[in-house]
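Report on one structure; see the data block that follows.
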Amino acid sequence: MKTFLQGVLLALALLAGAHRISSVELRGSWVYLYDESGKQYKTLSASTVGEVKGYSATFFVSRRGEWIYLFDSEGKHYKTMSVSTVGEVTGVAGETFTSRKGSWIYTWDKDGKRINTRPAR
650 MKTFLQGVLL ALALLAGAHR ISSVELRGSW VYLYDESGKQ YKTLSASTVG EVKGYSATFF
710 VSRRGEWIYL FDSEGKHYKT MSVSTVGEVT GVAGETFTSR KGSWIYTWDK DGKRINTRPA
770 R
């Protein structure tokens, strides 16, 4: 049932014109978003985005100074989080991202809600 619902949601997103990220690339002063067909569909200023820490098909995470930014697949910034809260982003996969702060590993959902904490090994 879960797979079916995910398929339906994906189909609705595609019908609504939402893109799915296949690549986020920094070149010079610009960050380019590419869709699953390899077509560039969005250009963002690198000075606004900062350093891209990772991406999945539906969102990407960046860091600029002491702030972590979450962007949707259309390149719209929707969440700002403090590095002092999040730590260093170590990866993005599916609908989550992972960070490390001191001796702790945190898992966050794509909305910036912490969903798991475990000790780092």
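Be aware that the sequence shown starts at 650, since it is given in my numbering, and climbs by one per residue.
Glycine included, C-beta positions come from ideal geometry on N, C-alpha and C.
For residue 734, the enclosing alpha helix (DSSP H) stretches over residues 732-735. Of the residues 758, 675, 674 and 717, the one whose Cα lies closest to the Cα of residue 736 is 717. Approximately 13 Å separates the beta-carbon atoms of residue 675 and residue 724; this is outside 8 Å, ruling out the contact.
For residue 696, the enclosing alpha helix (DSSP H) begins and ends at 695-698. In the three-state reduction of the DSSP assignment, residue 729 falls in the strand class, which pools E and B. For residue 750, the enclosing beta strand (DSSP E) starts and ends at 745-750.
Exposure of residue 679 is indicated by the presence of fewer than 16 other C-beta atoms within 10 angstroms of its C-beta. Nearest C-alpha to residue 770 among 751, 719, 684 and 698: 751. By the Cβ-count criterion, residue 688 is exposed, with fewer than 16 other Cβ atoms from all chains shown falling within 10 Å of its own Cβ. For residue 681, the beta-bridge partners assigned by DSSP are 674 and 692. For residue 767, the enclosing beta strand (DSSP E) has its first and last residue at 763-768.
For residue 756, the enclosing beta strand (DSSP E) starts and ends at 753-758.
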